[in-house]
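Reviewing the structure listed below.
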Amino acid sequence: MRSDETTTTTAAPAAHSHIGASSAYRWMMCPASPRLCEGRRSESSEFAIQGTAAHALAEKCLTGGVDPVLFIGETIEHEAGETEVTGEMADGVTVYVEKVFADLKAHGGKLAVEQSFDLGWLYSGLYGRNDAAILPAEPCGVLRIYDYKNGAKPVRAEGNPQCMYYALGALGADNPTGVETVVITIVQPNSHFKAAAVDSWEVSVDELYRWGSEVLLPAAKRTEDPEAPCVAGEWCCFCDAMAVCPLKQDLALGRLEEPERGCYVLPAVQALKPADVGFLSGFFNSPDFEAWRKALAAEELDLLTRGVEVPGRKLVEQRSWGNRKWADEAAVEKALSELGEDLWVRKLQSPAQVEKLLTARKVPKKTREERLAPLVTREEKVTMVAAFADDPRAGQKSLEEARLKMLTE
30 MRSDETTTTT AAPAAHSHIG ASSAYRWMMC PASPRLCEGR RSESSEFAIQ
80 GTAAHALAEK CLTGGVDPVL FIGETIEHEA GETEVTGEMA DGVTVYVEKV
130 FADLKAHGGK LAVEQSFDLG WLYSGLYGRN DAAILPAEPC GVLRIYDYKN
180 GAKPVRAEGN PQCMYYALGA LGADNPTGVE TVVITIVQPN SHFKAAAVDS
230 WEVSVDELYR WGSEVLLPAA KRTEDPEAPC VAGEWCCFCD AMAVCPLKQD
280 LALGRLEEPE RGCYVLPAVQ ALKPADVGFL SGFFNSPDFE AWRKALAAEE
330 LDLLTRGVEV PGRKLVEQRS WGNRKWADEA AVEKALSELG EDLWVRKLQS
380 PAQVEKLLTA RKVPKKTREE RLAPLVTREE KVTMVAAFAD DPRAGQKSLE
430 EARLKMLTE
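Going left to right, the sequence shown walks through residues 30 to 438 as our numbering numbers them.
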């Protein structure tokens, strides 16, 4: 997998910017969020840790030119600690690494991995580092920016503020190589809600600089206003200030106080006494409350799968990019008999693990794919989501309808 092109890496800044690229969508929409998040750091979720580990694996593979499947079962170090590389993680990172190297081979240039940048020329505090970028080998070439998303929440490349922020970082203040066009690519192999794992968007350099001065710069300045307003939206989901955001509390309490919702009224958090804070925190984090919440979710799913309408909720088709499974273990044993005992670890190893064995035995990638593809299947699923008006996916009337649709398409 290794390319002959030079691969570079640069140390990251000592601390994350409070108006950094990864949170740009949030703070550009809600200018109060950096102020509310100051001094707060929520505990990293398992999903966040997995994402950090996947990025560390991607960096190792891009800088070393190695196949991600070779790390399955090994422990990889990252800024959040250590994580074992699973077959699912290796599968996802492989999609990303192969896309970057394919573009490097097709277009040439210089690969920069985890390269730090500073947009101080635009506004102080705007800095970060790119996941990966291919810098053009010749003047007036095309700059290619890559962002790996390990999560399931779908993210589009077109107009993506994080990636546009990255692109400005790679271009610099004066665009020394004379780049005219930037291609932004988001690789998101684990999202069940996107039609394809690789999503690209082309934008002119002039448009990027105009966006920087007319959109990014004013948004950054708004965050410095001590009276900057809170604005709620889908960008709230990863905000560290969720627990103290006055707008989120008002919205939640307002919904609970609507007559048709019943008599469920919660007090504002800031108005609680310390004893009440401890009691309510313990209650909402207790096994009893969690059991009730899970029972509520199970009842909701049961109603939807039986075709019963639940206002504000729906079932949608879930695209599967999870772990691969063997369709027929006996067929696998017959087709890959030369691997002998290596096929088994008490039970037949996963497709990703067998791919690692074949890779270690120097079996070409095309041959691996041809041999494994007929033996692998993926589970089709539906998932339950909020029925927002701007969600383009069609809802399923029942689980049976969803399954019928999967079988006929």
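Heads up, the beta-carbon is just placed ideally off N, CA and C, and yes, glycines get one too.
| Asked | Found |
| --- | --- |
| Are the CB atoms of L387 and R397 nearer to each other than 8 angstroms? | yes |
| Less than 8 angstroms between the C-beta atoms of V142 and L197, yes or no? | no |
| Alpha carbon to alpha carbon, what distance is there between G154 and P63? | 12 angstroms |
| Quick one: using the 10 Å Cβ neighbour count with 16 as the cut-off for buried, is E117 buried or exposed? | buried |
| W240 to K182, Cα distance in whole Å? | 25 angstroms |
| For the alpha helix (DSSP H) that contains E362, what are its first and last residues? | 358-364 |
| Pick from V234, G207, G201: whose alpha carbon is nearest that of I213? | V234 |
| Work out the CA separation of I215 and F180 for me, nearest whole Å. | At residue 180 the sequence reads Gly, which differs from the Phe that was named. For G180 and I215, the distance between alpha carbons rounds to 12 angstroms. |
| For the region 124-149, which segments carrying the alpha helix (DSSP H) assignment without a break, of at least 4 residues, lie completely within its bounds, in sequence order? | none |
| On the DSSP letters alone, give me the boundaries of the alpha helix (DSSP H) that Y195 sits inside. | 190-200 |
| Classify G336 as buried or exposed, calling it buried when 16 or more other Cβ atoms lie within 10 Å of its own Cβ. | exposed |
| For L133, tell me which candidate among E209, V171, E236, R400 has the shortest Cα-Cα distance. | V171 |
| Where D33 and Y152 are concerned, what is the direct C-alpha to C-alpha distance, given to the nearest angstrom? | Low confidence applies to D33: its pLDDT is 47, below 50, so where it sits in the model is not reliable, and the reading given next is rough at best. Roughly 37 angstroms between the two C-alpha positions. |
| Please report the Cβ distance between T115 and I105, rounded to the nearest whole angstrom; I am assuming they are in contact, meaning their Cβ atoms lie under 8 angstroms. | T115 to I105, Cβ: 11 angstroms. No contact. |
| Quick check: G201 and I163, are their CB atoms within less than 8 angstroms of each other? | no |
| Just to check my reading of the structure: A15 and R353 have Cβ atoms closer than 8 angstroms, yes? What is that Cβ distance to the nearest angstrom? | Not covered by the structure: residue 15. The range shown for the chain is 30 to 438. |
| State the DSSP-derived secondary structure class of G110, mapped to helix, strand or coil. | strand |
| Compute the Euclidean distance between the alpha carbons of V461 and A109, then round it to the nearest angstrom. | Here the chain comprises residues numbered 30 to 438, so residue 461 is not present and cannot be evaluated. |
| Taking the alpha-carbon of V184 as reference, which of A224, D279, A135, H84 has the nearest alpha-carbon? | A224 |
| With a 10 Å radius around its C-beta and 16 neighbouring C-beta atoms as the bar for buried, classify W321 as buried or exposed. | exposed |
| With respect to the alpha helix (DSSP H) encompassing S62, which residues constitute its N-terminal and C-terminal limits? | 62-66 |
| Could you tell me the alpha carbon to alpha carbon distance between E362 and A261, rounded to whole angstroms? | 54 angstroms |
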